[in-house]
Structure formats: structure tokens, C-alpha cells
Amino acid sequence: MTVRLRYAPSPTGHLHIGGARTALFNYLYAKHMGGDFILRIEDTDLERNIDRAADEFAKNLGWLGIVWDEGPDVGGKFGPYISTERLSIYEHYVEVLKEKGLAYHCYCSEEEIAAERDAAMAKGEVPRYSGHCRHLTATQISEYEAMGRKPVVRFLAANDQELRFHDLIRGELVFEPSGLGGDFVIVKSNGIPTYNFACTIDDHLMEITHVVRGEEHISNTPRQLLLYQALGWEPPHFGHVSLILGPNGKKLSKRDESIVQFVEQYRDMGYLPEALFNYLALLGWSPGGEQEFFNKDELIAAFTLDRVHKSGAFFDAARLSWMNSHYLKQQDAANLLPLVQPLLTDDQVQGLSNEWLTEWISLYQEKISQLDELPQMGASFFVEIPKLDEEANSMLNQETAQQVVKSFHEQVKNTALWTEEHIKPIFKTVQSETGKKGKDLFMPIRAAVMGSLHGPDLHRSLILLGQARVLTRLESVIK
RNA sequence: GGCCCCAUGGUCAAGCGGUUAAGACACCGCCCUUUCACGGCGGAAUCAGGGGUUCGAAUCCCCUUGGGGUCACCA
């Protein structure tokens with residue numbers, strides 16, 4: 002039997018790194034086992050649904066390199082893959098449960114339930130639905146209806162045995178039935194099923210074999226187990242992945258601004274999908290060896306659930322950054338060009354060929370850890386005369402530096418060709434003319450031409466700049 | 001608070017009863033280099049505490065402590 006896993010986000014925001022990692026683990030395991038990976042949208046919270054969010058999830062998941070075999074856009078034989086398009090399916094199973102006497106209408110208002118809960122809490126007891134509406138008479142029901150109350154449907158959780166399941170990551174997990182909170186809601190008063198219900202129905206009908214999800218779902222599992230039991234279904238295997246922690250040591254909150262946590266933001270900053278993919282795979286999972294860099298196929302080959310960590314992991318932005326700089330170095334500058342172009346203004350790229358820009362990228366490629374550092378770092382190439390920074394300025398105020406610059410200027414002016422082979426001898430000549438070498442030779446020229454003592458390879462920079470512009474820049478600092 | 005989960009350096013982590021407790025990021029030195037970076041070499045830094053079990057415990061068990069998750073008509 003082939004393995005089937007799914008990622009089932011609710012379209013209430015952007016894809017964040019925690020969700021992306023959960024999707025990634027599901028994907029990697031499905032592919033490792035030669036099975037299917039399914040994307041399903043759980044949009045049962047009508048109020049919080051955000052337009053286009055589902056498309057964004059798909060877009061960003063796709064960007065990361067996660068591909069699904071079935072989903073809202075690609076279809077599949079277990080569709081539809083969006084909860085709100087499956088309402089009639091859920092209705093059917095509500096009827097099934099009602100016929101078995103395991104589901105009933107509850108007319109208690111949210112206020113009444115809240116009052117019960119608060120009372121229980123005040124007494125230090127576990128909140129638990131009282132079962133008030135379990136056995137309503139026909140008259141009571143019509144009274145409630147006459148009052149205009151809209152019922153929810155509750156599942157009759159009469160279970161009094163402990164619930165247990167073998168978690169793929171954590172091992173045997175056991176729950177006391179008293180902690181469940183009594184009969185829980187499976188259909189909200191607006192007629193839409195709750196997560197626990199929809200999820201159970203969908204996972205079963207879609208023949209999901211392994212449910213790998215965040216640790217925050219551990220406590221939902223016993224309720225879902227009850228549902229599987231009531232429906233006479235075999236539950237899938239469950240595995241709960243630990244949380245990704247923010248700087249405060251708590252579960253990442255989407256509202257926490259201290260950390261960049263949406264996939265799209267990383268894309269915009271110039272992170273490569275391979276780097277994020279690689280980093281996320283290694284967060285909370287380890288193949289055990291010393292290898293750090295893995296491509297997708299290697300990860301698929303290596304990924305197993307039993308090596309997923311039980312403890313939470315801090316999101317280490319510095320490590321991601323390091324990993325991205327590695328992937329950036331690996332790339333051909335030409336491949337980076339389309340990613341860099343959107344980061345440059347029309348003004349900057351005016352009249353510049355792709356070849357020129359590619360060379361410009363390759364000049365800085367190994368110095369950056371994200372692509373959006375490039376425009377700033379390489380800005381001096383886009384202006385006629387760069388502004389001298391403090392260090393460069395004070396260097397050029399020195400008489401010895403002026404000598405070097407003047408001599409260099411003279412040579413540049415008189416050279417006919419402007420290639421690496423012609424530039425090298427120029428430095429030789431300046432060296433013998435001024436008696437300067439090493440730093441004393443190169444730094445004044447770098448300062449004069451680039452406006453800074455730090456920067457990429459000087460020879461290549463000069464060539465890219467072009468003879469005319471180099472001359473202009475030299476003249477601008479000669480006193 | 002109830003229930004549940006977790007615990008190796010600052011961070012990611014290897015380790016599954018016998019190791020000088022890997023490796024990486026970050027950090028600090030040094031080297032390479034016309035600068036910055038890259039790279040190379042080196043350094044500092046970890047088994048939360050206490051009990052057991054065992055000839056032997058980072059590894060197994062218990063307790064404590066600490067952290068986290070969850071207690072919705074959100075997922």
C-alpha cells in the first residue's frame with residue numbers, strides 16, 4: 002500500500018517557516034517512501050479566511066520546491082481539496098453519527114458555555130461540557146428554535162477509557178478521557194464543521210496514511226481518535242513535530258516582528274529556495290552524519306521520521322544566512338541575474354547589458370549572503386563618480402597616494418586597450434615609477450576609483466568600469 | 001491550574017551502556033590576501049539537578065527543576 006501524506010493549512014495568512022517545515026517533512030517522507038503528497042486547504046474558519054491566501058501558499062510552496070501530487074489546483078481522485086467544497090460530505094457523516102446516537106444538536110449559547118467554563122475554572126476543575134442538551138425533548142427543541150437559537154452539533158464523547166496512540170516521533174502517548182472536555186462541537190452554528198471533524202473525515206476519505214503535523218495538535222488527536230472509532234474507521238499513523246521557537250523560546254507567533262518568518266519575505270530578500278529548503282529540513286531533523294548541504298534528492302533519500310527531534314528548535318537566522326551564502330556562491334552569476342534585476346531600479350540598469358550586469362554580480366557574489374545586499378554593495382558602479390568614504394578620503398589626502406594616483410592616471414590615459422593583460426603591466430609601471438608596491442600601490446588606486454578601501458577584485462572592477470570612467474574618477478581626486 | 005510534551009556548548013546538533021562527548025553556525029585568535037570576503041589552522045564553550053539500575057551511564061528508570069504545548073462554535 003502506498004503511503005499518502007498531506008499538508009493542510011488554513012488560508013488565514015502567509016506561509017510561514019513553521020508551516021513550510023511541516024509541509025517539507027510531509028513531502029520528504031512521502032517521497033522517501035515513494036508515496037503521494039497532497040495539498041489540502043482547510044478553510045472552515047470563514048471569518049479568518051483571507052482571499053488569495055490559498056494561492057499564496059501554493060505559490061510559495063512551489064517556490065520552495067515542494068510539489069504536490071494532488072491539490073486544489075492540480076486535482077486528483079480524492080477531491081475536492083478545499084473544505085468548503087466538501088460540505089455535503091461532512092453533512093453525510095453527521096447524519097451517520099446521529100443515526101448511531103453519537104451526535105446531537107446543542108442549543109447552549111456561547112455565553113452559557115463560557116459561564117460554565119469559568120465556573121469550573123474558578124473551582125479549579127477542568128472545564129467540561131455538561132451534556133446539557135444531550136437529551137432534549139421535542140418541546141424543548143421547538144422552544145429553542147422559537148427563540149431563534151441556532152444549534153451546533155456535538156459529538157457524544159461517552160468514552161471513559163484512556164486513549165492511546167503510538168506517535169511516530171514521540172512513541173506511546175496516553176490520555177485520560179477526563180481531559181477531553183466532554184462532548185465536543187463537530188459542526189458550528191453556521192453549519193460549517195470544526196477542524197477536528199473535517200480533518201478526520203478528509204484524512205480518512207483521502208486515504209491519508211500518515212498525519213505529520215505540529216506539536217500543538219497533540220491534544221486534538223484523542224478527539225479525532227474518538228471520531229475514527231465512532232465511524233468505524235482505522236485511524237492513520239500520527240506523528241507530532243516539535244515547534245520552531247522564536248527568540249523568546251516560545252512557539253513562533255505570526256505577530257512577532259523580531260524574526261523574519263514568512264517564506265515570501267525570504268524570497269524577496271534574495272534567499273535561494275534550495276537554501277531555505279536545506280535549512281528547514283535540518284531544523285528538528287538530522288540525518289546523523291557530518292554533511293551539511295543536501296539537495297532535494299539527497300534529503301528525500303535520507304529523510305525518516307524516526308530521526309525527527311522531539312524537542313523544539315530555535316530558528317537560527319545566522320545559520321540560514323550562512324547557508325544561503327553558500328548556495329549563492331555555487332550559482333552561475335547568469336542564473337542570478339533574473340533574481341537580481343527586480344532589485345535594481347530602471348535608472349541603475351539604464352543602458353547596461355546583461356553581460357555587464359552578470360559580471361557585476363559575479364564580482365560581488367561571494368561577498369553577500371542575500372541578494373538584496375547587492376544593489377547597495379555594488380552601488381558605486383552605477384554612478385559617474387562615487388562619493389569617497391572617510392578612509393578613502395584621508396588616504397587620498399596623502400602625498401604618496403597622490404603620486405600613485407597621478408602615475409596610474411598617466412598610464413591609463415596612454416594605454417590603447419583595456420583588458421586584464423593590458424592593465425597588469427600598468428600596475429608594474431606605476432610600481433617602478435613610484436617605488437610603491439603592495440598596499441601602498443593598490444589602496445590609493447582602489448580609493449580613487451571605487452571610493453572605498455574595501456571592495457571586490459580591483460583588476461576586474463577596473464575593466465568592468467571601463468577606461469573612460471576610470472579616467473574620470475582618477476581626475477576627480479587628483480589635486 | 002488540569003492534561004500532555006520536551007531537556008547535550010549561545011544556536012543547530014552527533015551520540016542509543018564503555019568515546020579524549022563528533023561536526024556546523026556564531027564568537028575569539030592566527031595564516032592566506034592589494035582591501036573586504038572566501039578559504040585554511042587553532043581556541044573558548046555542552047550532557048539542568050538529585051536519586052537509583054549496572055562492573056560501567058549523556059545514553060535505562062524515578063523524582064525535582066526548568067521550558068513548552070493545549071484546554072474554542074481557531075486551525
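Numbering-wise, the first sequence is residues 2 to 480 according to our numbering. For every residue, glycine included, the Cβ atom is placed at its ideal position computed from N, Cα and C. All of these numbers come straight from a predicted model, not from anything done at the bench.
For residue 386, the closest alpha carbon among the candidates 360, 319 and 477 is that of 477.
By the C-beta criterion, the stretch 354–362 is judged not to be in contact with the stretch 412–422, since fewer than 3 inter-stretch pairs fall below 8 Å. Secondary structure note for residue 37: its beta strand (DSSP E) is the uninterrupted segment 37–40.
Nearest to residue 68 by C-alpha distance, out of 278, 429 and 451, is 278. Excluding sequence positions up to five before and after residue 289, its CB lies within less than 8 Å of the CB of 308, all in the same chain and listed in chain order. Straight across, the Cα-Cα distance linking residue 313 with residue 285 is about 7 Å. When the five nearest sequence neighbours on each side are left out, no beta carbon in the same chain lies closer than 7 Å to the beta carbon of residue 192. Around the beta carbon of residue 325, 16 or more other beta carbons lie within 10 angstroms, which makes this residue buried. Residue 438 is classed as exposed because its beta carbon has fewer than 16 other beta carbons within 10 Å across all chains shown. Separation of the CB atoms of residue 452 and residue 389 is rounded to 5 Å, and the pair is thereby assigned contact status at 8 Å.
In the structure shown, residue 158 adopts coil according to DSSP, grouped into three states. Just measuring C-alpha positions, the residue of 287, 117, 112 and 38 sitting nearest residue 82 is 38. Ranked by Cα distance from residue 183, the options 149, 221, 202 and 209 are led by 221. 9 Å or more divides the Cβ of residue 263 from the Cβ of residue 29.
For residue 311, the three-state secondary structure derived from DSSP is coil. DSSP places residue 281 inside the alpha helix (DSSP H), whose first and last residues are 274–282. When DSSP states are grouped into helix, strand and coil, residue 301 belongs to the helix group.
The shortest CA-to-CA distance from residue 55 to any of 9, 27, 34 and 25 is the one to 9. Taking the CA atoms as reference points, residue 236 sits about 9 Å from residue 211.
The Cβ neighbour count for residue 410, taken over all protein chains shown within 10 Å, is at least 16; the residue is labelled buried. The Cβ atoms of residue 321 and residue 267 lie closer than 9 Å to each other. In the structure shown, the three-state DSSP call for residue 107 is strand. Under DSSP, residue 90 forms no beta bridge with any residue. The criterion of a C-beta distance shorter than 9 Å is satisfied by residue 465 and residue 357. A distance below 7 Å between beta-carbons, with the five flanking residues on each side excluded, links residue 27 to the following residues of its chain, in chain order: 6, 7, 8, 38 and 213.
Distance between residue 310 and residue 4, taken at the CA atoms: about 22 Å.
Rounded to the nearest whole angstrom, the CA to CA distance from residue 88 to residue 194 is 8 Å. With fewer than 16 other Cβ atoms from the protein chains shown falling within 10 Å of its own Cβ, residue 177 counts as exposed. In the same chain as residue 44, and ignoring 5 residues on each side of it, the C-beta atoms closer than 8 Å to its own belong to 11, 12, 50, 55, 83, 84 and 85, in chain order. The Cβ neighbour count for residue 401, taken over all protein chains shown within 10 Å, is under 16; the residue is labelled exposed. In this chain, the beta strand (DSSP E) harbouring residue 173 covers 172–176. Annotation for residue 234: 205 place their beta carbon closer than 6 Å to its own, counting only its chain and skipping 5 residues before and after.
Secondary structure note for residue 410: its alpha helix (DSSP H) is the uninterrupted segment 400–415. Collapsing the DSSP output to three states places residue 476 in a helix. For residue 229, the three-state secondary structure derived from DSSP is helix.
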